[in-house]
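Take a look at the structure below.
Residue numbers (the working numbering), protein chains in the order written: chain A, 1 to 333; chain B, 1 to 323.
Below, the structure is given as structure tokens:
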């Protein structure tokens, strides 16, 4: 059985259940305790688990991540919250030079079982330093796992799996999704979603749409429009995690449809779409009936004004337009 | 140095043996580096042996140690097998990090040596995290984290000290101050005294003569006691004079060369050994035997390393993720 709850509530449930299940889980972050978290994801957890388990930290992102890492190396399972993905840049030394390489650089002797949570994304007019989408930055780094859930059920199940992972996980939430509702299994089930398994959100035969983070939902809605209005049957894939990546599910779909559009909110250069497009071209070229297309965030810093911000990240209409053009492209002969 | 009474003979001998092992090890490593048989970086701790052996000697078995990129010396002081250290320097599969880390990245968790780190100041928050975990579990283990004076201007220094004071973390941060962060003179990069800074962050601050193994031991033992009992970070500034450049590849004629030569005459190992002989805690024969043992141990380490193969390229992807 399941219930309908919000994405932020699903995350909160995951944290609460893992705190209760495993004494070694601790939460750390700016304003996560007394203030319940900038986006209220940690609401009530300080009161329930106390300040030893739920630690408000100073504003010092690099050091917060580093402290979590040190604690992870000796057996705790810290979940560090960064207030936005933009602030993660202050912690890049600890995330990339240290957490991602901790297991490797000491020849497998040490581990970094920690989760670094951060929300990304545009839509709330937060301007250039609070609303970018940077899954591609972390996707670049070996030694990290990268999750980017789009539904409440995945938010909960992937966060629980991430906390139990022995590798460091960059867990990318989306600011726009915190208030979105969705079906989540009942509280009496231990709802864990394995890292590295894509979800097929909608079956289809004419084209494959791959959506990353919030854009998985945009692609899903675009697929409904394509079916209702244009007679195009689109299959929608949400990879859910980018490291590990479930490439098999993507390739199987593309081999069936012969066409693919990748939708992401991040910048186009070196983006997730660029990588997936290369992988598809390398491994399923013979099946392609049209070039792999991308719908990405605009190649600009995220602007403040509503009109500009809206133009800077993909909308359903963009996905419909590019999908139709891809379907109308003459088949390769 | 004569101010402090000597420890008992067994301890004194162990300290001298440990310092001799590090000195001999680094002499051989330096030769191997010059001969191209050790690649990459090699940052020697020659002249800092007393600061390392004295401070590490003050640790309990359950305490943790982190170090800078002069990690070979700290590993040896903590009791890691010299062969595994040398094999890592030579990039061999039996190295401490199985050839993945090199001189900058060696750890031996079995003796709670939690790593040498290559980013200046990058290990400070990690050390605080280890202290947090010990404190969180109600254990009385303390973390000793060595760093160079060059790290005090990194953001992590202030961030870590603030957090450690705020959370009352049991850690001792030992600054090996050679007054020459990577070659620059100290006053040119650092506006205030280190211990003043420590106090400003709410940490206790102590200073020791890092050229004197007994003084270092005494001061660090006191710092560990304060950290363990009072649950607070303590900064110890160990004044040292390294006898070589920053890395084995750097020029040795750093600013203040004359001072360096003078301090080289006050070599911490020679000074300590002379006192042990003068006070009849050690004979000349003992000293000869200790030196011979260090030479033999390092010969054995080199032989072990040379017998170890380079890692198989087929294992390139091992250890990226936990299996």
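Heads up, the beta-carbon is just placed ideally off N, CA and C, and yes, glycines get one too.
Selection from the options that minimises the alpha carbon distance to residue i
| i | options | result |
| --- | --- | --- |
| residue 145(A) | 95(A), 120(A), 211(A) and 214(A) | 95(A) |
| residue 168(B) | 293(B), 154(B) and 204(B) | 204(B) |
| residue 212(A) | 19(A), 75(A), 139(A) and 181(A) | 139(A) |
| residue 78(B) | 13(B), 131(B), 3(B) and 57(B) | 57(B) |
| residue 279(A) | 303(A), 2(A) and 252(A) | 252(A) |
| residue 150(A) | 201(A), 261(A) and 73(A) | 201(A) |
| residue 62(A) | 88(A), 75(A) and 40(A) | 88(A) |
| residue 244(A) | 54(A), 106(A), 218(A) and 141(A) | 141(A) |
| residue 158(B) | 132(B), 178(B), 138(B) and 128(B) | 128(B) |
| residue 240(A) | 198(A), 277(A) and 128(A) | 198(A) |
| residue 47(A) | 156(A), 19(A) and 85(A) | 19(A) |
| residue 273(A) | 324(A), 250(A) and 36(A) | 250(A) |
| residue 30(B) | 121(B), 17(B), 19(B) and 44(B) | 44(B) |
| residue 81(A) | 233(A), 97(A), 60(A) and 70(A) | 60(A) |
| residue 233(A) | 67(A), 41(A) and 324(A) | 324(A) |
| residue 277(A) | 298(A), 303(A), 247(A) and 301(A) | 247(A) |
| residue 166(B) | 94(B), 322(B), 22(B) and 230(B) | 230(B) |
| residue 92(B) | 307(B), 322(B), 323(B) and 14(B) | 307(B) |
| residue 231(A) | 23(A), 320(A) and 217(A) | 320(A) |
Where residue i meets chain A, residues with beta-carbon distance less than 8 Å
| i | result |
| --- | --- |
| residue 159(B) | 58, 60, 62 and 63 |
| residue 318(B) | 108 |
| residue 40(B) | Ordered by position in chain A, no residue passes the 8 Å Cβ test against residue 40(B), which lies about 13 Å from the chain. |
| residue 166(B) | 58 |
| residue 122(B) | 66, 93, 94, 97 and 98 |
Interface residues of chain B facing residue i [CB-CB closer than 7 Å]
| i | result |
| --- | --- |
| residue 68(A) | 129 |
| residue 76(A) | 133 and 136 |
CB contact flag (residue i, residue j, <8 Å)
| i | j | result |
| --- | --- | --- |
| residue 67(B) | residue 116(B) | yes |
| residue 50(B) | residue 295(B) | no |
| residue 99(A) | residue 114(A) | yes |
| residue 209(A) | residue 254(A) | no |
| residue 369(B) | residue 235(B) | This structure cannot speak to residue 369(B), because chain B is shown only from 1 to 323. |
| residue 267(B) | residue 4(B) | no |
| residue 85(A) | residue 118(A) | yes |
| residue 99(B) | residue 311(B) | yes |
| residue 300(B) | residue 54(B) | no |
| residue 33(A) | residue 16(A) | no |
| residue 123(A) | residue 4(A) | no |
| residue 107(B) | residue 124(B) | no |
| residue 69(A) | residue 112(A) | yes |
| residue 388(B) | residue 240(B) | Only positions 1 to 323 of chain B appear in this structure, which leaves residue 388(B) out of reach. |
| residue 136(B) | residue 108(A) | no |
| residue 86(B) | residue 302(B) | yes |
| residue 335(A) | residue 282(B) | Lying outside 1 to 333, the shown extent of chain A, residue 335(A) is not represented and no answer is given. |
| residue 1(A) | residue 38(A) | no |
| residue 214(A) | residue 177(A) | yes |
| residue 111(B) | residue 160(B) | no |
| residue 69(B) | residue 41(B) | yes |
Neighbour list for residue i in chain A, Cβ cutoff strictly below 7 Å
| i | result |
| --- | --- |
| residue 114(B) | 73 |
| residue 105(B) | 105 and 106 |
| residue 313(B) | Within chain A, no residue comes near residue 313(B); the closest Cβ sits about 15 Å away, beyond 7 Å. |
| residue 332(B) | Absent from the model: residue 332(B). The displayed extent of chain B is 1 to 323, so no value can be given. |
| residue 109(B) | 109 and 110 |
| residue 155(B) | 62 |
Neighbouring residues, chain A, relative to residue i (Cβ below 9 Å)
| i | result |
| --- | --- |
| residue 347(B) | No answer is possible for residue 347(B): the residues shown for chain B start at 1 and end at 323. |
| residue 97(B) | 104, 105, 106, 107, 108 and 109 |
| residue 76(B) | The contacting residues do not exist; residue 76(B) stays about 17 Å from chain A at best. |
| residue 59(B) | Those within 9 Å of residue 59(B) in chain A number zero; the least Cβ separation is about 15 Å. |
| residue 125(B) | 60, 62, 63, 64, 65, 66, 67, 68, 69, 70, 94 and 98 |
Neighbouring residues, chain B, relative to residue i (Cβ below 8 Å)
| i | result |
| --- | --- |
| residue 167(A) | 321 and 322 |
| residue 52(A) | 136 |
Proximal chain C residues relative to residue i, where beta-carbon distance stays under 7 Å
| i | result |
| --- | --- |
| residue 101(B) | Protein chains in the displayed structure are A and B, and chain C is not among them. |
Next on the checklist: Which residues of the region 90 to 113 of chain A have a Cβ closer than 7 Å to any Cβ of chain B? Give them in chain order.
Outcome noted: Taken in chain order, the members of the region 90 to 113 of chain A whose beta-carbon sits within less than 7 Å of a beta-carbon on chain B are 93, 94, 97, 98, 103, 104, 105, 106, 107, 108, 109, 110 and 111.
Exercise for the section: Taking 8 Å as the threshold, find out whether the region 201 to 210 of chain A comes into contact with the region 168 to 178 of chain A through three or more Cβ pairs. Expected result: Because the criterion of three Cβ pairs below 8 Å is not met, the region 201 to 210 of chain A and the region 168 to 178 of chain A do not touch.
- Message: Below 8 Å, how does it come out for the region 280 to 298 of chain A and the region 253 to 272 of chain A: are there three or more Cβ pairs, yes or no?
- Response: Flag = yes, the region 280 to 298 of chain A and the region 253 to 272 of chain A touch.
**Request:** Kindly confirm or deny that the region 109 to 124 of chain B and the region 69 to 83 of chain B touch, where touching means at least three C-beta pairs closer than 8 Å.
**Result:** The region 109 to 124 of chain B makes contact with the region 69 to 83 of chain B; the number of CB pairs closer than 8 Å reaches 3 or more.
> Taking Cβ-Cβ distances below 7 Å as the criterion, which residues of the region 123 to 144 of chain A are in contact with chain B?
Replying inline: Under the 7 Å Cβ criterion, the region 123 to 144 of chain A contributes 142 and 143.
- Query: If we count Cβ pairs, one from each stretch, closer than 8 Å, do we get three or more for the region 154 to 165 of chain A versus the region 177 to 194 of chain A?
  - Reply: Because the criterion of three Cβ pairs below 8 Å is met, the region 154 to 165 of chain A and the region 177 to 194 of chain A touch.
| said: Counting only Cβ-Cβ distances shorter than 8 Å, please list the residues of the region 19 to 41 of chain A near chain B, keeping chain order. | reply: Within the region 19 to 41 of chain A, the qualifying residues are 26.
Inset, instruction - Give a yes or no on contact between the region 142 to 149 of chain B and the region 171 to 180 of chain B, applying the rule of three or more CB pairs nearer than 8 Å. - result: Taking 8 Å as the limit for Cβ pairs, the verdict is that the region 171 to 180 of chain B does touch the region 142 to 149 of chain B.
Output, in sequence order along the chain, the residues in the region 276 to 301 of chain B whose CB is closer than 8 Å to any CB in chain A. Taking 8 Å as the upper bound on Cβ-Cβ separation, chain A lies near no residue of the region 276 to 301 of chain B.
Inter-stretch contact at 8 Å, needing at least 3 Cβ pairs: the region 5 to 25 of chain B / the region 303 to 320 of chain A: Counting Cβ pairs under 8 Å, fewer than three are found: no touch.
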